[in-house]
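I have placed the structure first, in the form of structure tokens, so that the comments after it can refer back to it.
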Amino acid sequence: MNKTYYSQCIKFHQFWKLKVVKRRIFPSRSDKMELEKALKKRINFYSQFISSNDLCFDVGANIGNRVEPLLSLNAKVVAVEPQEKCCEILRRKFGNKISLEAKGLGEKEEEKIFYISDISVLSSFSEEWIDSVENSKRFGSYKWRKAQLMKITTLDILIKKYGVP
């Protein structure tokens, strides 16, 4: 069976999700090389600004694509991420190497509605942003099917707890 058969049976975004999952579980040699290349680029970029033992806040950490290069530079990382599935991945990938705040970040402590997309990187607190993305049809195959009340903390609170990044 080939890609065409599967793409006729399921929607494109579902096919793409399966492909991404497959690449994470069974990465090919070229997948591994591509990931290593991307990691090296990020390390090179962040090394211009980050030194060993620097404190970094990764706001909207998602699954840790920025956390990994920061840890490689021996930074202390606070990952701020409201999505529970992403938090589980962060805990599994990085354990106690990071401090994890399972919340959103905003101007005041409160609870806000978080709009959950079919793909985690498109999930957002901002209705305006979602409207603009939907109107642009940029990510036309993805939808925001769920909404959940999430806790919000502030940058000031994080600084009191962890220090100045």
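Residue numbers (my numbering): 526 to 690.
The beta carbon of each residue, even a glycine, is placed where N, CA and C say it ideally should be.
Next item on the list: Could you work out which residue in Glu559, Lys676, Phe650, Ser657 is closest to Glu636 when comparing CA atoms only?
Entry: Along the sequence shown, read from residue 1 onward, the residue named residue 636 stands at position 111. The residue with the shortest Cα to Cα distance from Glu636 is Lys676.
Notebook entry, point to check: So, helix, strand or coil for Ile575, using DSSP?
Noted result: For the purposes of this step, residue 575 is identified with residue 50 of the sequence shown, where counting begins at 1. In the structure shown, Ile575 sits in coil (DSSP, three-state: anything other than H, G, I, E or B).
Note to self: By the DSSP assignment, the alpha helix (DSSP H) with Leu615 in it spans what residues?
What the structure shows: Against the sequence shown, residue 615 aligns to sequence position 90. Run containing Leu615: 609-619, per the alpha helix (DSSP H) assignment.
Checklist line | Identity of the residue in Leu630, Val605, Gly631, Lys610 nearest Ser624 by Cα | finding: Position 99 of the sequence shown, counted from the first residue, corresponds to residue 624. Comparing Cα positions, the closest option is Val605.
Item checked: Cβ distance (whole Å) where Gly688 is taken to contact Leu595 below 8 Å -> Mapped onto the sequence shown, residue 688 falls at position 163. Mapped onto the sequence shown, residue 595 falls at position 70. Contact annotation, Gly688 with Leu595: C-beta distance approximately 15 Å; criterion of less than 8 Å not satisfied.
Notebook entry, point to check: What are the start and end residues of the alpha helix (DSSP H) that includes Ile655?
Noted result: The residue given as residue 655 occupies position 130 in the sequence shown. From DSSP, the alpha helix (DSSP H) with Ile655 extends over 652-661.
Check: Would you call Ile550 buried or exposed, if buried means 16 or more other Cβ atoms sit within 10 Å of its Cβ?
Finding: The residue you call residue 550 lines up with position 25 of the sequence shown. The Cβ neighbour count for Ile550, taken over all protein chains shown within 10 Å, is under 16; the residue is labelled exposed.
Note to self: Would you call the segment 610-626 in contact with the segment 580-590, where contact means no fewer than 3 C-beta pairs closer than 8 Å?
What the structure shows: yes
Next item on the list: Take Gly629 as the anchor and find which of Ile568, Val603, Lys618, Asp643 has the nearest alpha-carbon.
Entry: For the purposes of this step, residue 629 is taken as residue 104 along the sequence shown, with counting starting at 1. Among Ile568, Val603, Lys618, Asp643, the Cα nearest to that of Gly629 belongs to Val603.
Check: Looking at the structure shown, is Tyr687 part of a helix, part of a strand, or coil, going by DSSP?
Finding: Position 162 of the sequence shown holds residue 687. DSSP places Tyr687 in helix when its eight states are reduced to three.
Next item on the list: Report all residues from its chain with a CB closer than 7 Å to the CB of Glu593; omit the five preceding and five following residues, and keep chain order.
Entry: In the sequence shown, residue 593 corresponds to position 68, counting from 1. Leu564, listed in sequence order.
Next item on the list: Count the CB pairs spanning the segment 571-578 and the segment 646-659 that are closer than 8 Å, and state whether there are at least three.
Entry: no
Notebook entry, point to check: CB Pro607 to CB Phe582, shorter than 8 Å?
Noted result: Translated into positions along the sequence shown, residue 607 becomes position 82. Translated into positions along the sequence shown, residue 582 becomes position 57. Taking 8 Å as the Cβ cut-off, Pro607 and Phe582 do not qualify as a contacting pair.
Margin query: In the DSSP output, what is Ile638 paired with across the bridge?
Written below: Here residue 638 refers to the residue found at position 113 of the sequence shown. Beta-bridge pairing links Ile638 to Leu674.
Checklist line | Check whether Asp556 and Arg567 have beta carbons under 8 Å apart | finding: In the sequence shown, counting from the first residue as 1, residue 556 sits at position 31. In the sequence shown, counting from the first residue as 1, residue 567 sits at position 42. No.
Check: What alpha helix (DSSP H) runs, 4 residues minimum, are completely inside the segment 554-607?
Finding: 554-571, 592-597
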